[in-house]
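This report concerns only the one structure given below.
4 protein chains.
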Amino acid sequence: MVNIGIIGMGRIGKVHAESIMTGVKSACVLAAADPFMTGETAEWAKSLGIENVYDDYRKIIKDKQIDAVLICSSTDTHTPVSLEAIDAGKHVFCEKPIDHDPDRINEVINALKNSSCKYQVGFNRRFDHNFRAVKKAVDEGRIGDVHIVKITSRDPEPPPPAYIKVSGGIFLDMTIHDFDMIRYLTGSDAKEIYASGEVLIDQAIKDAGDIDTAVVTVKMENGAICVIDNSRKSVYGYDQRAEVFGSKGCVSVGNDKASSAEISTVDGVYSEKPLWFFLERYIQSYRDEIKSFVQAIELDKPTEVSVYDGLQPVRMGLAAKLSLLEGRPVKLSEIKS
Amino acid sequence: MVNIGIIGMGRIGKVHAESIMTGVKSACVLAAADPFMTGETAEWAKSLGIENVYDDYRKIIKDKQIDAVLICSSTDTHTPVSLEAIDAGKHVFCEKPIDHDPDRINEVINALKNSSCKYQVGFNRRFDHNFRAVKKAVDEGRIGDVHIVKITSRDPEPPPPAYIKVSGGIFLDMTIHDFDMIRYLTGSDAKEIYASGEVLIDQAIKDAGDIDTAVVTVKMENGAICVIDNSRKSVYGYDQRAEVFGSKGCVSVGNDKASSAEISTVDGVYSEKPLWFFLERYIQSYRDEIKSFVQAIELDKPTEVSVYDGLQPVRMGLAAKLSLLEGRPVKLSEIKS
Amino acid sequence: MVNIGIIGMGRIGKVHAESIMTGVKSACVLAAADPFMTGETAEWAKSLGIENVYDDYRKIIKDKQIDAVLICSSTDTHTPVSLEAIDAGKHVFCEKPIDHDPDRINEVINALKNSSCKYQVGFNRRFDHNFRAVKKAVDEGRIGDVHIVKITSRDPEPPPPAYIKVSGGIFLDMTIHDFDMIRYLTGSDAKEIYASGEVLIDQAIKDAGDIDTAVVTVKMENGAICVIDNSRKSVYGYDQRAEVFGSKGCVSVGNDKASSAEISTVDGVYSEKPLWFFLERYIQSYRDEIKSFVQAIELDKPTEVSVYDGLQPVRMGLAAKLSLLEGRPVKLSEIKS
Amino acid sequence: MVNIGIIGMGRIGKVHAESIMTGVKSACVLAAADPFMTGETAEWAKSLGIENVYDDYRKIIKDKQIDAVLICSSTDTHTPVSLEAIDAGKHVFCEKPIDHDPDRINEVINALKNSSCKYQVGFNRRFDHNFRAVKKAVDEGRIGDVHIVKITSRDPEPPPPAYIKVSGGIFLDMTIHDFDMIRYLTGSDAKEIYASGEVLIDQAIKDAGDIDTAVVTVKMENGAICVIDNSRKSVYGYDQRAEVFGSKGCVSVGNDKASSAEISTVDGVYSEKPLWFFLERYIQSYRDEIKSFVQAIELDKPTEVSVYDGLQPVRMGLAAKLSLLEGRPVKLSEIKS
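Protein chains in written order, with this note's numbering: chain Z, 550 to 886; chain A, 550 to 886; chain V, 550 to 886; chain F, 550 to 886.
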């Protein structure tokens, strides 16, 4: 039995708490902490069977009974809390991104070097049934050498401007998942990135210093060319598709829907929209990434998303930012590693 | 909190136990009984948090703490256990079919008349996301008056001949779900049934006195004509589709798959097979029927699948058997009610 | 070069005229006849390059230059004109049905026995790309032994009551195509037929002595069970689908659409309706059946749809009529052959 | 009746000849010319009803009876033959590209200024049923303002290296169709282009000075961002898809297939590959572009693909070449207009 403490009880912290308490048999959440822990959240946690609820995450770090922590707090806390947890000998699951600054991620990497702690980064989409199926087809060689990868990743609605200001921008907040996905699907690191972007949806996003529509081309070390298209507002719902084209064929996955119902009327043939957003679309992947993390601890094997996997998409996001700023392709080697 | 006892810890009993203990917050399984309770099952039940494990279901019936029972034992026990449970004031969820004999089901109906017990029958497909979507489209009037209903229902592999002998035959064992579905989708009772059947898969099924392939036409009281096609062996997996055609259009649902992956190669375009069998395909519906049952108890409202809904498909199955035997359409009124 | 005369210049006669003059290189329409030949039609025929236009089809029969005739006139004339044409040594392509009376079709069969004339019946759907693909999959053994065949065949709108009165009823007018299709796909003759039907669309159809909605079950000599569902009014367009299920798998085909466009909006995902009716849906099959007929003449090989293939669906239609009338399954052997 | 002469009787010249002689009622091909006219081609042309067959295209230019010419000869001849034809007062349909050099295209533009000749460029995909449906959805405002356009355009097999050497490179030979398509779908001109490309398929293509895999990002004047992905070798067939995403939704079209057959077996669910190559996929669009050209002449209205529409994609191709060469985004204004 792996005893877990959750640090940060916002939306994603709660998702993990519920997943573990209802669906991961060999793990148990012993404690949850949040600096703004409300009575409601505390009660909810207790109803799930979580015995200890704290304002101060350090109580979790110090708790000898706890084997592993999930860091679900705000991005700026990911690195310091990771370091404290590793120092205390805890295994760490950290939500993405570890940090916006590669130097600080490297501090975590260094801390892990002299430690036996497991470290997993929250790139949950690697655990999604559809993307897993693409990866499997690629790994089995069914499409041969990878030539082109296409990722469509569009949110149903933009976050509030206040969030955008601290998000690090679309490339570090949203595209970062897609950067991880192309690394996952190609099994290669990025070499060069060219980003094209516009504000087409909301002037407030421009005022917050960001863009809302982007097309990013990434050349990988292995020769594959990847292209990601992002929008902050897809009115028909969360659009999450991928395609890998290679020397022997092509594999693609589409969106999930609540049902396969097709209604034919005098007006046309209607089917359902994609599931609305990430909580609907990826709920199972959140469960499966935690199961995988727990299993890595139990079986003492490497986690499926390493701290190195956490670093690279941040560097890719920084390269994309620079590319957009300077209007030129940027080599990954230009970004500190 | 609704306290539940499960009677019969075979495959479906275990499904319900796990669903409730991990996914139904306002219910708890206090006890489980099975005449052949193995050590392994008992241990598994305890690991889920089920405190009491019995050989004798009467211990559950007598337990004052228990509000409701799930009857998951063999079909021949459904009626007597239902009667005992109702007599003890328990709410009852009973797997389908209640019985092969309408007279015995009527005993349950009569027992319920002088009781405030809830009674729900395990026609889980009514809770499936796809069939729910069809029902919703019909109820919203999007396809107008219902003219034709088509149900495809094919199992991936036949049960063992020993099971077939006690199953009541394909119509009471397998088609019974489809009979329920056409009642659910049309909102009408059957008027006349014509069954056509053959043994095309396995001589052992013939030796067991049954058929393995059937097409059944059902005229409903409201004029709709329904057709069900069944096979005991669909090599590509569990084939579960429905279509309702009416004056304003048509709604159809297809099979669920593990992923939406499509692989295009020199040999063609491949996608995944349907999910293998009912545990894969209908797992969520098993959870949702139990949630609905618990909610009916909590809110003191009628269950979504009444004892009457349990009786009619049995009568339809008997009519289909008679039709096949005599080679003629059989009116439902010929079957005892 | 095969010289052709067309007898009957209604809608389907014109389709064949245009197909041949623009798309069948080794054939030429020398003459067209229609008792009600209008000036407009005559002019249209001449603009296509058809040199002779007559009121009296006998001029075509007598024309020594003409090798083959297409009989596209009203059903009651099919048999006498066939007999005259065969007597004059012409090859004959005859629209379906040859006749409503098997005795008269047998006259044609007898006339052909002492003749070297080719005779093809207009079951054009056998030449449709989708149904051909189903047939190919079946013939290649990809689905193994055929167990179940399902045909959906729904018209977008009913014909006028006046037409219905002389049509022979839905089974001889509309279902006859589906009866041919199940013979084509199974490679077997029918053994027993049970028809279920209602008037659900229009009282005028009832007044004309017909039904508008039908589900017909057909047991084939080879054990396969087929089911056909028909409606005279599918508001979303011509619904023409087929499915063959067997011991090794299942093959199905859907409807053709004008484009593959899918539009996702806040209201859902829309795609196009099926092509509206038979002229849109089957235009290529009309061309291909004529090409096949011309080729049978050129290469002196049997036609792809023989006079025997013309007789059987008529018998099946008569069996279905009797089944509906008497409310019982009818053996094909009860119908004169 | 529009009298037509075809200059160049290679593959595409023959396609047009057959289309017109069999499918365009108000046009007639009076003459065909090819410097390497074979006996076989001449005979084939005569069998179609084309009376005059020449080695020297000037006989067509000089023929007073001829109203319009189709220029289907090699690319280097497009401009001089266009100029001669315009000088002789002929309407011109010219295969793409008009020329690789904007200056020479401008000579054609200038010649047209003082002429009443119609001029249409052979961007046939604008007439394809699928792309038309996308355009219609965009024009009707169903997807709102256009934000992102995605074009997938992959050939089933590369042309021979000898052809590649004179082709002008992938951007002027293959991507040029996609450049036209994004102009057509967005209704806007390009502003800036960034091309990423590799040789991943065949070293011979590299030796011929070209690439075989490309991803091209194009920013349009109206703010839309477009991305095109190209491959010279898609083993599963011609892959021709498009998607337009905007403020109110998304419209996409997929590939055409020979049938809608789906075969489910123990190995998975199989459907057909896309149609093999452009002659299969776009045959109807070749017919429809010529019908449109003939109609522009008959009704004296502008052609649907103007000489300006012929110039812009060439400039875009040159910008893409420069971008690839210099590894930077190139503004269209850098390319001579």
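Where a beta carbon is used, it is the ideal one built from N, C-alpha and C, also for glycine.
Since the model is a prediction, treat every value here as computed from it, not as a measurement.
Excluding the 5 residues flanking it on each side, residue 846 of chain F has same chain C-beta neighbours closer than 8 Å at 551, 616, 617, 640 and 667, in chain order.
For residue 792 of chain A, not one C-beta of chain F is nearer than 8 Å to its own C-beta.
Beta-bridge pairing by DSSP links residue 788 of chain Z to Z/703. Identification of residues in the segment 593 to 609 of chain Z having a C-beta nearer than 8 Å to some C-beta of chain F yields an empty set. Take the alpha-carbon of residue 739 of chain V and the one of residue 869 of chain V: they are about 11 Å apart. Residue 741 of chain V and residue 864 of chain V have their C-alpha atoms some 11 Å from each other. Taking C-beta atoms as the reference points, residue 743 of chain F and residue 724 of chain F fail to come closer than 8 Å.
Per DSSP, the continuous alpha helix (DSSP H) segment holding residue 829 of chain F begins and ends at 827 to 830. For residue 769 of chain V, the pairing in a beta bridge is given by DSSP as V/739. Look at the segment 670 to 694 of chain V and you find these whole runs of alpha helix (DSSP H), each 4 residues long or longer: 678 to 688.
Across the segment 762 to 782 of chain A, CB contacts with chain V closer than 7 Å involve 762, 764, 766, 768, 772, 774, 776, 778 and 780, in sequence order along the chain. Counting along the chain, residue 638 of chain Z sits inside no alpha helix (DSSP H), nor does DSSP assign it H or E at all. Shown here for residue 750 of chain F: same chain residues with a beta carbon closer than 8 Å to its own, the five before and five after excluded, namely 707, 761, 762, 780, 781 and 782 in chain order. Per DSSP, reduced to three states, the secondary structure at residue 622 of chain Z is coil, with no helix or strand assignment. Residues are counted here when their Cβ sits less than 7 Å from a Cβ of chain A; for the segment 797 to 814 of chain V these are 797, 798 and 799, given in chain order.
At a cut-off of 8 Å between beta carbons, residue 566 of chain V makes no contact with chain F. Per DSSP, the continuous alpha helix (DSSP H) segment holding residue 712 of chain F begins and ends at 710 to 715. The DSSP-derived three-state label of residue 649 of chain Z is coil. Sequence-distant Cβ neighbours of residue 619 of chain F in its own chain, meaning closer than 6 Å and more than five residues away, are 555, 565 and 642. The continuous stretches of alpha helix (DSSP H) do not include residue 854 of chain V, and DSSP gives it neither H nor E. The segment 688 to 699 of chain F makes no contact with the segment 816 to 835 of chain F; the number of CB pairs closer than 8 Å stays below 3.
Residue 568 of chain V is positioned such that its CB atom lies no closer than 8 Å to that of residue 877 of chain V.
The C-beta distance from residue 580 of chain Z to residue 610 of chain Z rounds to 10 Å, too long to meet the 8 Å contact threshold. With its beta carbon less than 8 Å from one in chain F, residue 694 of chain Z belongs to the interface. Nearest Cα to residue 856 of chain F within the set F/626, F/589 and F/648: F/648. Inter-residue distance for residue 673 of chain Z and residue 861 of chain Z is about 16 Å (C-alpha atoms, whole angstroms). Interface annotation, residue 611 of chain F: not in contact with chain Z, CB-CB separation never under 8 Å. With the criterion set as a beta carbon lying under 7 Å from some beta carbon of chain Z, the members of the segment 562 to 590 of chain A are 571 and 572, in sequence order. Here the alpha carbons of residue 727 of chain F and residue 859 of chain F stand approximately 13 Å from one another. Per DSSP, reduced to three states, the secondary structure at residue 553 of chain F is strand. Contact annotation: the segment 793 to 804 of chain A touches the segment 682 to 689 of chain A, with at least three C-beta pairs closer than 8 Å.
Among the CB atoms of chain A, one or more fall inside 8 Å of the CB of residue 877 of chain V. In chain order, 817 and 818 make up the part of chain A whose C-beta sits under 7 Å from the C-beta of residue 820 of chain F.
Between residue 612 of chain Z and residue 582 of chain Z, the beta carbon gap of about 10 Å keeps them out of contact (Cβ cut-off 8 Å). Around the beta carbon of residue 768 of chain F, 16 or more other beta carbons sit within 10 angstroms, so the residue counts as buried.
In this structure, DSSP gives residue 778 of chain A an extended state, which the three-state scheme calls strand.
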